[in-house]
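Protein chains in written order, with the numbering used here: chain H, 269 to 622; chain U, 51 to 383.
Just so you know, even glycine gets a beta-carbon here, dropped at the ideal spot from N, CA and C.
Presented below is the structure to which this report refers.
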């Protein structure tokens with residue numbers, strides 16, 4: 269009844285090509301943004317910001333980046349945390365060595381450096397695909413883990429190998445409290461999400477999707493595989509690199525050499541499987557799911573009155589993750605995002621059954 | 051032809067790297083042989099894990115990321131059950147457990163996902179990995195456990211008259227190698243001489259043709275996953291006896307991925323030889339190349355064996371994508 273697009277006629281090309289063609293979607297988005305930027309800072313506690321919303325925002329950006337590569341271009345990567353670490357260490361070194369640089373500029377530069385490294389490791393994708401590529405990205409993961417743990421220059425010769433960051437300062441606005449961190453991240457993620465949304469419906473995104481669906485056919489209709497795959501690797505690594513820099517600077521503050529290990533890579537992959545491959549919205553769902561589930565599991569024994577050790581909780585957590593992955597792959601390969609769109613379909617007909 | 055030349059260049063470079071420490075006098079001959087043997091021993095373990103991969107990949111086209119988790123699970127089962135009963139009983143029971151596991155995986159994971167994209171199946175096995183890691187540690191506990199095989203661990207000096215100071219080798223390493231060799235021979239006999247083995251090879255050759263002459267695919271998958279489970283059990287027991295059963299086994303077993311790239315996804319000899327090459331390569335690199343790199347780049351310690359295998363596999367991918375013994379046809383874009 270409420271969610272129906274009939275009567276909304278598109279009379280110009282602009283109207284036909286806009287990002288959210290349905291009026292109700294635009295209203296919903298507007299309300300959502302209003303809530304995110306105006307409402308949320310007053311509602312939630314510092315704990316909620318620090319333990320859920322901040323990691324959620326950063327990881328959803330990283331998942332978004334990985335989704336561009338895996339979900340849209342069909343190139344699997346099980347080493348994307350490596351590119352996060354490149355972004356994080358690049359930002360750290362840029363801020364450290366060029367102090368007059370604005371953090372936003374450092375963030376973009378860190379993303380670009382991650383993109384270059386991503387391109388380098390993306391080169392094998394031109395010759396191989398699927399399973400072989402998985403191993404190539406695994407090489408990136410282990411090599412980067414090693415490089416940042418061993419090459420002293422990257423960590424500014426810190427004896428423990430861990431680095432810590434200064435407070436972010438953007439034109440005099442200090443990002444030091446949980447609420448400010450949240451607002452900063454929300455702004456960055458909003459911008460990048462809108463960019464991604466538009467990217468995937470541009471010629472570049474269409475080339476990626478054609479590549480994913482059938483590479484030979486895509487080549488026949490004039491899409492250059494080299495161009496499509498390398499841009500996917502580059503853009504994806506850029507997003508993930510920015511997310512890595514934010515993860516280091518805003519969420520962690522200081523981090524150890526193995527903060528970006530293969531577990532994080534696999535978690536990113538799980539986010540997009542559970543959230544929905546090839547969906548911008550799905551990246552957010554998946555990230556929220558992966559961030560919230562461990563916290564819920566940690567709390568659940570307390571609520572139920574069962575004593576459970578932390579080791580037990582973490583084993584249970586990985587069992588539940590594992591089962592959910594298989595469950596989603598079998599039952600709903602398009603993930604939570606698909607459930608969302610089914611809900612929208614239903615809402616269209618509501619209150620009638622057909 | 052160009053591909054072949056690159057391949058030769060790569061091999062010559064590898065060989066040069068292998069003998070460089072000897073030629074430059076950076077190491078004594080005895081020490082060099084010791085490192086070589088150490089690498090071969092590690093390589094045997096990689097080969098065993100890789101063997102499990104190859105078995106499953108050949109028969110069902112599934113890239114089984116969970117092989118490492120299966121190794122850990124099997125080793126944990128044996129270690130914990132051996133506390134309550136004799137070792138042979140624990141191992142027999144563990145075989146039963148691995149077969150049951152194969153049955154469950156076939157039923158709950160593979161059958162619903164039949165005919166899916168290989169990448170989807172890879173991700174499903176990732177889920178299986180997480181589940182098994184969590185499940186194994188929930189049931190069996192997450193400390194470090196020991197498996198006592200009853201073989202003395204003290205090193206033995208051999209060839210003392212040939213090299214200065216002789217060569218130290220461990221008895222349990224020799225036993226491990228013998229066990230691995232025995233397993234490979236048994237597998238080869240099974241594949242060549244038995245009816246089931248022939249059916250497995252038929253399925254590996256051509257799914258459709260095998261199905262049309264009446265080979266039941268579902269039960270073949272159960273058999274193959276059981277076999278992979280048994281191989282994982284052997285690898286787990288050897289590994290556990292050497293280093294203790296702990297969670298890191300599951301991670302180290304990831305090294306089997308570069309091994310199968312090197313040897314070819316579908317080749318059992320490839321898995322063995324690939325494992326040995328990776329084992330020797332990374333030990334050599336760690337011992338001889340590591341200090342050089344530390345000095346040259348001012349590193350905080352070596353540790354290049356963590357990534358050497360993967361980078362070696364990447365190089366191989368660029369010149370020889372199908373691996374040393376793999377089928378010549380692979381998907382290229």
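Give me the chain U residues within the contact set of residue i, using Cβ-Cβ distance strictly less than 7 Å, ordered along the chain.
i	result
residue 554 of chain H	By Cβ distance, chain U contributes nothing, its closest Cβ being about 13 Å from residue 554 of chain H, past 7 Å.
residue 541 of chain H	173
residue 544 of chain H	Within 7 Å Cβ-Cβ: nothing; residue 544 of chain H doesn't reach chain U, min ~13 Å.
residue 410 of chain H	356, 357, 360
Which residue or residues does DSSP assign as beta-bridge partners of residue i?
i	result
residue 437 of chain H	H:442
residue 431 of chain H	H:523
residue 295 of chain U	U:195
Does DSSP classify residue i as helix, strand or coil?
i	result
residue 349 of chain U	strand
residue 220 of chain U	strand
residue 419 of chain H	strand
residue 51 of chain U	With a pLDDT of only 45 at residue 51 of chain U, under the threshold of 50, the placement of this residue in the model should not be trusted; the figure read from the coordinates follows. Correct three-state label for residue 51 of chain U: coil.
residue 67 of chain U	helix
residue 574 of chain H	coil
residue 301 of chain U	helix
residue 591 of chain H	helix
residue 360 of chain U	helix
residue 316 of chain U	coil
residue 373 of chain U	coil
residue 413 of chain H	helix
residue 583 of chain H	helix
residue 383 of chain U	Residue placement at residue 383 of chain U is poorly supported in this model, since its pLDDT is 48, which falls under 50; the coordinates still yield a value, given next. Three-state result, residue 383 of chain U: coil.
residue 622 of chain H	coil
residue 270 of chain H	coil
residue 292 of chain H	helix
residue 369 of chain H	coil
residue 315 of chain H	helix
residue 338 of chain U	helix
residue 542 of chain H	helix
residue 567 of chain H	helix
residue 351 of chain H	helix
residue 286 of chain H	coil
residue 414 of chain U	Lying outside 51 to 383, the shown extent of chain U, residue 414 of chain U is not represented and no answer is given.
residue 601 of chain H	coil
residue 357 of chain H	helix
residue 474 of chain H	helix
residue 181 of chain U	helix
residue 278 of chain H	coil
At a CB-CB cut-off below 8 Å, which residues of chain U make contact with residue i?
i	result
residue 413 of chain H	356, 357
residue 594 of chain H	158, 159, 174, 177, 178, 181
residue 612 of chain H	None at all; the shortest Cβ gap to chain U is about 25 Å.
residue 472 of chain H	The premise fails here: residue 472 of chain H is roughly 18 Å from chain U at the closest Cβ pair, so nothing lies under 8 Å.
residue 392 of chain H	364, 367, 368
residue 300 of chain H	Near residue 300 of chain H there are no residues of chain U at all, since even the closest Cβ is about 30 Å away, more than 8 Å.
Can you list the residues of chain U that residue i reaches, using a CB-CB cut of under 9 Å?
i	result
residue 403 of chain H	307, 308, 310, 311, 360, 363, 364, 367
residue 534 of chain H	176, 179, 180
Compare the C-beta of residue i against all C-beta atoms of chain C and say whether one is closer than 8 Å.
i	result
residue 353 of chain U	Reference to chain C is not applicable here, since the protein chains of this structure are H and U.
Could you name the residues of chain H that residue i contacts, counting a contact when the two beta carbons are closer than 9 Å?
i	result
residue 339 of chain U	Correct list: empty, because the minimum Cβ distance to chain H is about 13 Å.
residue 374 of chain U	Chain H residues near residue 374 of chain U: none, gap ~15 Å exceeds 9 Å.
I want to verify the contact list: residues of chain H whose CB lies under 8 Å from the CB of residue i, in sequence order.
i	result
residue 192 of chain U	579, 583
residue 163 of chain U	597, 598
residue 37 of chain U	Any question about residue 37 of chain U goes unanswered here, given that chain U covers just 51 to 383.
Legend entry - Inter-stretch contact (C-beta, 8 Å, three-pair minimum) for the stretch 610-622 of chain H and the stretch 543-563 of chain H: Because the criterion of three Cβ pairs below 8 Å is not met, the stretch 610-622 of chain H and the stretch 543-563 of chain H do not touch.
Legend entry - Touching by the beta-carbon criterion (3+ pairs, under 8 Å), the stretch 320-336 of chain U and the stretch 363-377 of chain H: Fewer than three beta-carbon pairs drawn from the stretch 320-336 of chain U and the stretch 363-377 of chain H are found closer than 8 Å, and the two stretches are therefore not classed as touching.
Legend entry - Inter-stretch contact at 8 Å, needing at least 3 Cβ pairs: the stretch 294-305 of chain U / the stretch 184-195 of chain U: The answer is yes - the stretch 184-195 of chain U touches the stretch 294-305 of chain U, with three or more Cβ pairs under 8 Å.
Legend entry - Touching by the beta-carbon criterion (3+ pairs, under 8 Å), the stretch 115-127 of chain U and the stretch 269-288 of chain U: Verdict: yes, contact present.
Inset, instruction - Could you tell me whether the stretch 532-543 of chain H touches the stretch 319-336 of chain H, using the rule of 3 or more Cβ pairs below 8 Å? - result: Between the stretch 532-543 of chain H and the stretch 319-336 of chain H, the count of Cβ pairs shorter than 8 Å is three or higher; the stretches touch.
Legend entry - Meets three-Cβ-pair contact criterion under 8 Å: the stretch 375-390 of chain H and the stretch 518-527 of chain H: Contact between the stretch 375-390 of chain H and the stretch 518-527 of chain H is absent, because fewer than three Cβ pairs lie under 8 Å.
Inset, instruction - Report yes or no: do three or more beta-carbon pairs, one from the stretch 361-370 of chain U and one from the stretch 304-312 of chain U, lie closer than 8 Å? - result: Verdict: yes, contact present.
Legend entry - Inter-stretch contact (C-beta, 8 Å, three-pair minimum) for the stretch 488-498 of chain H and the stretch 401-416 of chain H: The way I'd put it, the stretch 488-498 of chain H doesn't touch the stretch 401-416 of chain H; fewer than three beta-carbon pairs between them come closer than 8 Å.
Inset, instruction - Jot down the residue ranges of each uninterrupted alpha helix (DSSP H) in the stretch 100-162 of chain U, minimum 4 residues, whole runs only, in chain order. - result: Segments of the alpha helix (DSSP H) lying fully in the stretch 100-162 of chain U: 117-131, 137-155.
Inset, instruction - Could you pull out every unbroken alpha helix (DSSP H) segment of at least 4 residues lying fully inside the stretch 246-298 of chain U, listed in chain order? - result: Fully contained in the stretch 246-298 of chain U are the following alpha helix (DSSP H) runs of length 4 or more, in chain order: 257-262, 267-293.
Inset, instruction - Determine contact between the stretch 468-487 of chain H and the stretch 336-350 of chain H, defined as no fewer than three beta-carbon pairs at a distance below 8 Å. - result: Flag = yes, the stretch 468-487 of chain H and the stretch 336-350 of chain H touch.
Legend entry - the stretch 501-514 of chain H in contact with the stretch 454-466 of chain H per 3-pair CB rule at 8 Å: A contact between stretches requires three or more CB pairs, one per stretch, nearer than 8 Å, and the stretch 501-514 of chain H meets this requirement with the stretch 454-466 of chain H.
Inset, instruction - Take every Cβ of the stretch 99-106 of chain U, pair it with every Cβ of the stretch 262-277 of chain U, and state whether three or more of those distances are shorter than 8 Å. - result: Note that the stretch 99-106 of chain U touches the stretch 262-277 of chain U; at least 3 beta-carbon pairs, one per stretch, sit closer than 8 Å.
Inset, instruction - Inspect the CB distances between the stretch 330-338 of chain U and the stretch 84-100 of chain U and report whether three or more fall short of 8 Å. - result: These segments touch.
Inset, instruction - Determine contact between the stretch 564-572 of chain H and the stretch 133-142 of chain U, defined as no fewer than three beta-carbon pairs at a distance below 8 Å. - result: The stretch 564-572 of chain H and the stretch 133-142 of chain U do not touch, with fewer than 3 CB-CB distances between them shorter than 8 Å.
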